[in-house]
Every structure is written in structure tokens, then in C-alpha cells.
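**Student:**
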Amino acid sequence: MPVSNKDAQHLLQVQNLEKRYVRASTVSQREEVTALRGVSLSILPQVTLALVGESGSGKSTLARCVACLDKPTSGTIRFGSDELTKLNEKDLRAIRPKIQLVFQDPANSLNPRWTAFDIVSEPFVIQQRFSNQERRERTFALLESVGLSSQKASQRPAEFSGGQRQRLAIARALALEPQLLILDEALSALDCSIQAQIVNLLFELQSSLGLSYLFITHDFAMAAHVSDEIVVMDHGQIVETGPTERIARSPKHPVTQRLMTAATASQVLPRELQAV
Amino acid sequence: MRYFLRRTIQAVLLLFGVSVLTFLFSALAPGNYFDEMRLNPQISSETLASLRAQYQLDRPLPIRYAYWVSSVLRGELGFSFAYNTPVGPLLWVRARNTLLLTLTATLLAWALALPVGIWSAASLGRWPDRALSGATATFLIVPELVLALGLLIFAVRTNWFPTGGFVSTGFETLSPANKLRDIVLHMALPVAALALSSLPILLRHVRAAMAEVLGAPFLRAAEGHGIPRQTLLFKYALRAAANPLISLFGFSLGALLSGSLIVEVVMSWPGLGPLLLEAILARDVYVVIGGVLLSTIFLVGGNFVADMLLYRADPRIRTESAAK
Amino acid sequence: MNALLEIQDLEVAYRSTAGRECGALAGVSFEVYPGEILGVLGESGSGKSTLAAALLRLLPPNGKFRKGTVRFEGQDLLRARQRELQKVRGGRIGLIFQEPSMALHPTIRTGEQISSVIAAHQALDRRALREKTLQVLAKVFSADANRIAESYPHQLSGGQRQRVLLAQAIACSPALIIADEPTASLDPSTQQDILELLRTLRDQLHCAMILITHNPAILAGLADRILVLYAGKVAEIGPASEVFGSPQHPYTRALLKCLPPPLTENLRPRKSKLTVIPGESPNLQQLANGCRFEPRCTDRMDVCTTSEPAETSLSRHHAVSCFRYGG
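Shown next, in the form of C-alpha cells:
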């Protein structure tokens, strides 16, 4: 039940999320780790939110909680009109297709023994939807929408390049028509020219399918180019948040400034070449 | 340290549990030692009854268990009907004989498996490795029994080795040096049988563990730093391959008392194996329980030693990893 | 000035399990001068990792040298005897492999791993060895050298491990250091620290460096000269200011255009499409005739489909392999 009209517009609303867990650091010692502390953010439909921070800042933990792979210790995650932390497994199953994850290393998230066709049509099988014929049609359509030819459908991930594997992972994520796509460092392992291709693909998909993106990265320059809003995390907390233009123009928090310095220190392109 | 305390307590509880189970099983098995005697018409039933009372076989189970535990604490481990002596010393002598065989065989097998396995892995795919793989495959198929019998036949035919037993007749009259020689000659074939039957498995494991490590990036990186080949193999590769091998070693230790039954029986070695076999057939219940307990101690102990070695050898188990 | 390292016409191929040969480097020639940092810019499939391994003859079992020479300090490393090669590896040329988490032995202390490198090239007693190890560690770690020496790799962060790899490479004060993706998988601020460290080490040790990476941003401000590798061939080579300032090869131009716009200048609207190089790197097992970049090139001419361009000098130090400039 929406709280107010304004809140009903948000696709995703995270309030005061906390995640603590006990880690066995050695065989005899245990320590408590606070991965997330009072994290709140929201994403509107068809908007890209960039989540920036160094490793250990809690970005991936947040992604896992939003994707319902981990249960937060406290706090709420509201998706549409559902409160994700309060749902039982059966109701969660109905929500899961709407929030999909794409990981950094497709080599680890794609089954190496399956063909591309099997990988992309697996979600249909799991959710028991569509007839065989429909599955075929949809799978080929998905492969085409991410720029993979139908010839590739019968090949295995090992025969794909890094960029092609990420396209495959995206195709699979799109199978059940999600509303939110979480990209956890999805570009970090790719070559620069391939990153550009995938970014353009993501732009296209966003406008044609109305997707929202939670774009997790530590590459500030890329984050600033692809996002509408930026959230900066450090040690499990949000230290700065706001529209991308404002943050890129005048970052306030020292962590944000440090990330920006690291990004600007390595600007390569001369002026003449940048104007398209 | 707390880790080891916990493991020790677990081990003691395990032994406790094993003893209870063994007790239960042997009591539930039909018959007892004196059944054999019942067939003998010369022994009256009253004698039987009084014998049974004497050995408390008609008391309820928990009471017998309690008496047995107190006997363990005294070091006697119960009483053997067949041998008419406390079980403890009996087991000890036989166990010592078994350990003589198995320790020698185990050390020999490992001493061979390590260098040969390393060499095999270092020449992976080339002819030395293939020849060895073929040989191990052949030996793997041969059952221990056949191996032991084969060696026995060999002994009979060539007369180079005695065909069984621990010592020759007239052992006491020999000089110390000759005594040693006599024992060694008697040990030779059983040790060979045991070593040959465990060698193929060890070799395969050493080879597999080393082969996996030899392809690792850190080894290539070390090669890139100019580290000589010997050091690469024995210091870098072997230490990285140590984990699975240490676990295997623990298993070898654990099987020290229990792995040699067939060989001992075939070659008439007076070890724990034949004793237990006899005792089971004759329903000599306390010998059986004592033997099982002793084997369990070794099994648990072997695992424990392996865990301790792993703890020392692999810093990832005992030290903290970095915060990400 | 005499070149420290001279590579002529290097050709390396890999034999696939099916028995076919696939060329990874197809005639690469360049030089490295003492004290300079040469950046090798190449994406996946360019042959950059093969180059790093090939220079010290560290190819995997299915790799083979088809042609070429690698001259270093008076000898051809590709034809040197094993003993000579071992002296060069780690002693005169330091190598930093990719993946710091996998390039260190998991159960040996880092100090000992550095000592091993020193011990392989210098005969020192235990105390001297230990002192030297700590000295080397002090060059890459600003503090805590002792604690780092006693630690195991899994107790160190990614950045610390990378520094240990650096320490191993500089341990015997080599004349040349080859670093393959030295900052991959590191945070941006750690990346900056490592790059800064590389510069400092070059200044202190007066060694030359070959920095291999796919990310141009890493070489900006650090490399003296840039070599652009594409599909196993040298596309362009020249001073960094020229290659980045006015790139001549169509691939170099296109690659630099792919990068997201700089943060400090509003040159392109946010969320606008990035310029891309269409297609992917060529499949080296099925190469057509002609220039390897031609299928993706916006400046292609007819001659580009029939033959491969040779290297043309644009100026004394800048050369390009493209028919647009002669070839």
C-alpha cells in the first residue's frame, strides 16, 4: 500500500538498510562485520543511479540485498508497492524476475557447459513460463536485442569474447522483463572499446524497455557519463548523494573528491578529439 | 589452542560412543564364547552356568559396560576368554607387531611415492609419466590378497624369504645381530605386500596434487624471477600441493592398525588382525571391543595429527585474512 | 643512444588442441632505451600478454617462437642457454605478472618470497639476505616493512600484494622491468598510488619499464613512449605526447574516442552515446588478407583489403603502420 502519491512513483526505495554478519576469519576466531549502516536511496523508473565507492564500501552487499539474495539485518526495501524484507519465499519468487543482476565476471556466472541458447532460456524454464515454441522465439529475440547473432546461440561461453559474454549475461537478465537491472561492476573487466559498446547497448535498452539501472562501479568518469544520479559510499555508509551534474561539478565529501581526483588524473583525450 | 581443546574433547566423546556401540553390537550378536563349549558333552551345564556367572555374562548390559569401563581405566580392557588373560597386554603385544609392519610399510610407501610422484607430475604427458601411470593402474587392480599370495608363492619357490611368522624357531639362541636379521627377513614380504598395495594410490594422489600446482600462476611467476628448477619443484610446488597430501597422510596414519589384516593372516604374522579375526569367530567379546577401540583411537589420532599438520602448514587456516 | 632491448620481427604462435596454429604476434619490432617507460597499449586479442611472456621465453607449453630475435645486453634471449636465461630472469629483467592474488605463493611468507628472488641471483648469507629483503620492501612500502615481510599473501590487501610483486621485480636492481597490467583489479586511488610508485622507482633505480595495459588512462602522464598493439602487430609507436596528442593510426584514434568524456569539461551531454569501434578484434585463427584493422576502420581504402601495411616513419620517433601514410 503506497504511503503517498509521491512515494508510489519510486521504483525502488531503500530506507535505513543495515547489514551485519559474523565472519569466521580463522578457524577459531569470529568477528562481527557491519557491511551496511543506515543506507537509504531511491530510484525512479527509467533512471540510472550510479553507486560509486572503493572495494569494501558495501556496494556489492547493497546490490545483493536489493536483489533479494541476502536478507538485511534491519531496514526496508520497497519495490513498487511491495516490501521485500517482509515477503515470504513464494511471494518473493514473483518479484525476483523484476530485479535482475549482471556481475563483473561473466565467466563465473555463466554455466560453461551450456549453450548460449540454454543460458538465456533458463529463466523461462525456472519460472515455468511459455511454450517451447514461444521460448525459442523469445530467446532468439533476446539474443538479437543484445547484438548477438543467432549463430552464436549454439556456442558455449568459452567461445565468446569478454564483451560477448557480458551481452549474453544481459540477455539472460532481460528474459523475464525486469524493471530494475543491477550492474555490479559489469564493465570493469572489459576493454575500453568494448565498454563503450556495452554502455551504448545499455542506453538503447533503457529507452526501449523502460529499464532502471543501479550501476555499481569504481570508475567515476564512467559513472558520471552514464548516470542521472550518483550515490557515493564509504565503509558501509552513504557519504554523498545527488544529481550527477552537481556532484561532478562540485563534489563536497572528501571521499568523493578523492575518487574524482583519481579519475581526472588519468584523462587522456586531447580536446580536438573529444568533440564528436 | 581452544580449537585443539575442542577437537580433543570431541575425540574423547567419539571414542566413548564407539565403545558403547561396539558393546551393544557384540552383545546383540547371537551367541557367546561358551556356546562352543556347550557342544562338548563332557562339560556339564552347571559348569557352563558357573563359568558364565564368573564372567558375568548373565548380568544386564549397562552393568557389564560399567565393569568394562573400570577395567579400561585399570589398563586391562576386560578379559579374554580364549587366552585367559586380561585383554590389554594381549592387544599391546599384537598391536606392536602390527605397527612394526605397517609403520615400515607406510614410511616406505610414502618415501617412494613422493619423489616418484613429483617426477611423474614434472614430466606430465611424456613417457616417464605415462609408463608410471600404466604401472600404477596395473597394481591398483591387483587385490591385496592376490599380492600377498603371490609373494608367498615367490618365497616358497625361491627360498630366499621365510614363508610366514614373526621369527624362526630357535630365535632365542641367535646373537642380537642375527636376531635382527631374522626379524627383518620375516618382515620383508609382508612389508612389500603392504607397501605395494598402497603405493599406487599414494602415487596417484601425489601426482594429481603436484600436477595441479605446476600449472598455477605463482609458479610461472617464480620461474620468471629466475628461481632454479629444483627450488621451484621442491620448495614452491610441493608446499602448495601439501594440503591434500597431508590429509592423505593422516588417513595413512589412521589405517596403521586396521589396514593389514589380510596380509597378516595370509603371511601368518602375529599381529592384531589374526587376533581380532579369531576373537570374532570365537565370540571373545572383550578382545573384539578392545581391538575396535584401539583401531578407532588410531583413526581419530591420525586425523587429528593431519589437522595439526595442516594447521601448521597452511597459514590460511590459522591466520586472519585481510579485510577487503 | 644504444637500445637496451631490441626486438626484431618477433613471431609467436600457439598450437591449439586441435593441432592448428594460431599466430599471436605477427612480426613485432621495437626498441626500449635505458631509463624510459614504454607503454604497450593493447586490448584483448592484441597479443600483449604473449609479448610479456615471450620476452623472457616464458610461453606456456603450447606456445612456440616462429621467428625473430630479442636482443638484450648483447645476447639474443630467444637463443640463450637456460643458465644464461635464468640469470637474466629476475636478475637483469624484472617481471610483474597479472593478477597479484595469484602470482604469489599462498603458503610462504612474503619476505621469504622476495628473499628467494634475491638468493637466486646473489650469494648472500642469511643476515645479509634478510637485510636486503627489508631494504627492498622499504622501497615499495612507506612503513611496516617488517610486518609485511612476516605476512602471508592472503593477509594483505590487493594494493599491498601488488607492491610485493613490485618488490620482487626490483629486488636485484634490474635494468628493465616488464609489468603486465600492474593495476588491474585495483581501486582507483590504489591504482594512482601504484603508478606513482612506478614512477618513483624508475627515477630511483634508473631502470627502463615496459608497461602493458589495455587502459590508456594508466599510461597518461607516466609513459614516455607508447606502442599500440593490434591483433599481433604494431599499429603505431611514438612519444606519448604525440600518440595521445595527435594519434595517427585509425585504431588509436578510435580507441581514444571510446573513453568516457573527462569530468572537468562539458564536452558531451551526459548519457549520450559513446563513440565505438564497431565489431570485435579479429579472430586470429581466421585472418583474411589485408590490414587487420580494415574491417572496423572508418578510413579504409581499397588497398587495405589486399595487403598489410608496413611501418612508415612519420618523424624521427613516430611510426605508424597504415596505408594512409604510405605503408
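Sequences listed follow chains D, A and Z, in order.
Position in the first sequence (first residue = 1) + 18 = the numbering used here.
Position in the second sequence (first residue = 1) + 1 = the numbering used here.
Position in the third sequence (first residue = 1) + 1 = the numbering used here.
Using N, Cα and C, we set each Cβ at its ideal position, and we do this for glycine too.
Is DSSP giving Z/E22 helix, strand or coil here?
**Tutor:** Strand, per DSSP.
**Student:** Could you spell out where the beta strand (DSSP E) holding D/S92 opens and where it closes?
**Tutor:** Note, D/S92: beta strand (DSSP E), S92 to F97.
**Student:** Per DSSP, what are the beta-bridge partners of Z/E12 in this structure?
**Tutor:** Note: Z/E12 sits in a beta bridge opposite Z/A27 and Z/K68.
**Student:** What's the gap between the Cα of D/Q31 and the Cα of D/P269?
**Tutor:** The straight-line gap from Cα to Cα measures roughly 24 Å.
**Student:** Quick one: does Z/S322 have its CB under 7 Å from some CB of chain D?
**Tutor:** So no, Z/S322 is outside the interface.
**Student:** Where does Z/A144 sit, in a helix, a strand or coil, going by DSSP?
**Tutor:** Z/A144: coil per DSSP, three-state reduction.
**Student:** Can you tell me whether A/E224 is buried or exposed, with buried defined as 16 or more other CB within 10 angstroms of its CB?
**Tutor:** Per the 10 Å Cβ criterion, buried.
**Student:** Could you tell me how far apart the beta carbons of Z/T108 and A/R313 are, in whole angstroms, since I believe they sit closer than 8 Å?
**Tutor:** Rounded, the Cβ-Cβ distance is 10 Å, inconsistent with contact.
**Student:** From which residue to which residue does the beta strand (DSSP E) around Z/V229 run?
**Tutor:** Here the beta strand (DSSP E) through Z/V229 covers R226 to Y231.
**Student:** Taking Cβ-Cβ distances shorter than 9 Å, what residues in chain B pair up with A/D315?
**Tutor:** Absent from the structure is chain B; the protein chains it does hold are D, A and Z.
**Student:** Using the three-state DSSP reduction, which class does D/S22 fall into: helix, strand or coil?
**Tutor:** Unreliable placement is indicated for D/S22, whose pLDDT of 46 sits below 50; the coordinate value is still reported in the next sentence. Note: D/S22 maps to coil in three-state DSSP.
**Student:** Going by Cα to Cα distance, which pick from A/D285, A/L22 and A/S198 is closest to A/A114?
**Tutor:** Nearest of A/D285, A/L22 and A/S198 to A/A114, Cα basis: A/S198.
**Student:** Say whether the stretch 144-162 of chain Z touches the stretch 9-18 of chain Z, bearing in mind that this needs 3 or more beta-carbon pairs closer than 8 Å, one atom from each stretch.
**Tutor:** Contact between the stretch 144-162 of chain Z and the stretch 9-18 of chain Z is absent, because fewer than three Cβ pairs lie under 8 Å.
**Student:** In terms of residues, what are the limits of the alpha helix (DSSP H) holding Z/K88?
**Tutor:** Counting along the chain, the alpha helix (DSSP H) containing Z/K88 begins and ends at Q83 to V89.
**Student:** Hey, is Z/Q136's beta-carbon within less than 7 Å of any beta-carbon in chain D?
**Tutor:** Not an interface residue.
**Student:** Taking Cβ to Cβ, would you say A/T107 is nearer than 7 Å to A/S296?
**Tutor:** Taking 7 Å as the Cβ cut-off, A/T107 and A/S296 do not qualify as a contacting pair.
**Student:** Taking C-alpha atoms, which residue in A/Y66, A/L104, A/L141 and A/S81 lies nearest to A/S303?
**Tutor:** In the sequence under discussion, the amino acid at residue 303 of chain A is Gly, which differs from the Ser named in the question. Residue A/L104 is the option with its Cα nearest to A/G303.
**Student:** Flag this pair as yes or no: are the beta carbons of D/G2 and D/N34 separated by less than 7 Å?
**Tutor:** The structure shown does not extend to residue 2 of chain D, since chain D spans only 19 to 294, so no value can be given for it.
**Student:** Quick one: does D/G180 have its CB under 7 Å from some CB of chain Z?
**Tutor:** Closer than 7 Å: yes.
**Student:** Starting from A/E213, find everything on chain Z with Cβ-Cβ shorter than 9 Å and list it in chain order.
**Tutor:** The contacting residues do not exist; A/E213 stays about 13 Å from chain Z at best.
**Student:** Just to check my reading of the structure: D/I144 and D/Q184 have Cβ atoms closer than 8 Å, yes? What is that Cβ distance to the nearest angstrom?
**Tutor:** No, D/I144 and D/Q184 are not in contact; Cβ-Cβ is about 21 Å, not under 8 Å.
**Student:** Please classify A/D285 as buried or exposed, where buried requires at least 16 other C-beta atoms within 10 Å of its C-beta.
**Tutor:** Counting Cβ neighbours within 10 Å, A/D285 comes out buried, since at least 16 surround it.
**Student:** Let me confirm a value: Z/M2 is counted as buried when at least 16 other C-beta atoms fall within 10 Å, else exposed. Which label applies?
**Tutor:** Exposed.
**Student:** When you compare each of Z/L202, Z/I195 and Z/A19 to Z/A172 by their alpha carbons, which one comes out closest?
**Tutor:** Cα-wise, what sits closest to Z/A172 is Z/L202.
**Student:** Secondary structure at D/I212, three-state DSSP: helix, strand or coil?
**Tutor:** Here D/I212 sits in helix by DSSP.
**Student:** If you draw a straight line from the C-alpha of A/L220 to the C-alpha of A/Y237, how long is it?
**Tutor:** Computed Cα separation, rounded: 7 Å.
**Student:** Flag Z/I213 as yes if its beta-carbon sits less than 7 Å from any beta-carbon of chain D, otherwise no.
**Tutor:** Closer than 7 Å: no.
**Student:** For a contact defined as C-beta to C-beta under 7 Å, what are the partners of D/S149 on chain Z?
**Tutor:** Chain Z residues near D/S149: none, gap ~34 Å exceeds 7 Å.
**Student:** Show which residues of chain Z have a CB atom less than 7 Å away from the CB atom of D/D209.
**Tutor:** Result: E44, S45 and H215.
**Student:** Helix, strand or coil: how does DSSP classify Z/K272 here?
**Tutor:** If DSSP states are grouped into helix, strand and coil, Z/K272 belongs with coil.
**Student:** To which residues of the same chain is Z/H210 closer than 8 Å at the C-beta, ignoring the five residues directly before and after it?
**Tutor:** The residue asked about is misnamed: residue 210 of chain Z is Met in this sequence, not His. Answer for Z/M210: E37, I38, L39, L177, I178, I179, A180, L199 and R203, listed in chain order.
**Student:** Express the C-alpha separation of A/F305 and A/A212 in angstroms, rounding to a whole number.
**Tutor:** Whole-angstrom Cα-Cα distance: 27 Å.
**Student:** Quick one: which residues of the stretch 222-246 of chain A get their C-beta closer than 8 Å to a C-beta of chain Z? List them in chain order.
**Tutor:** Per Cβ criterion, the list reads A222, A223, E224, G225, H226, G227, I228, P229, T232, K236, Y237, R240, A241 and A243.
**Student:** So which residues on chain D does Z/I278 lean against when the C-beta distance must stay under 7 Å?
**Tutor:** Neighbours of Z/I278 on chain D, chain order: S211.
**Student:** Classify D/P175 as buried or exposed, calling it buried when 16 or more other Cβ atoms lie within 10 Å of its own Cβ.
**Tutor:** D/P175 is buried by the Cβ-count criterion.
**Student:** Quick one: grab the DSSP three-state call for Z/D194.
**Tutor:** The answer is helix: DSSP assigns Z/D194 an H, G or I state.
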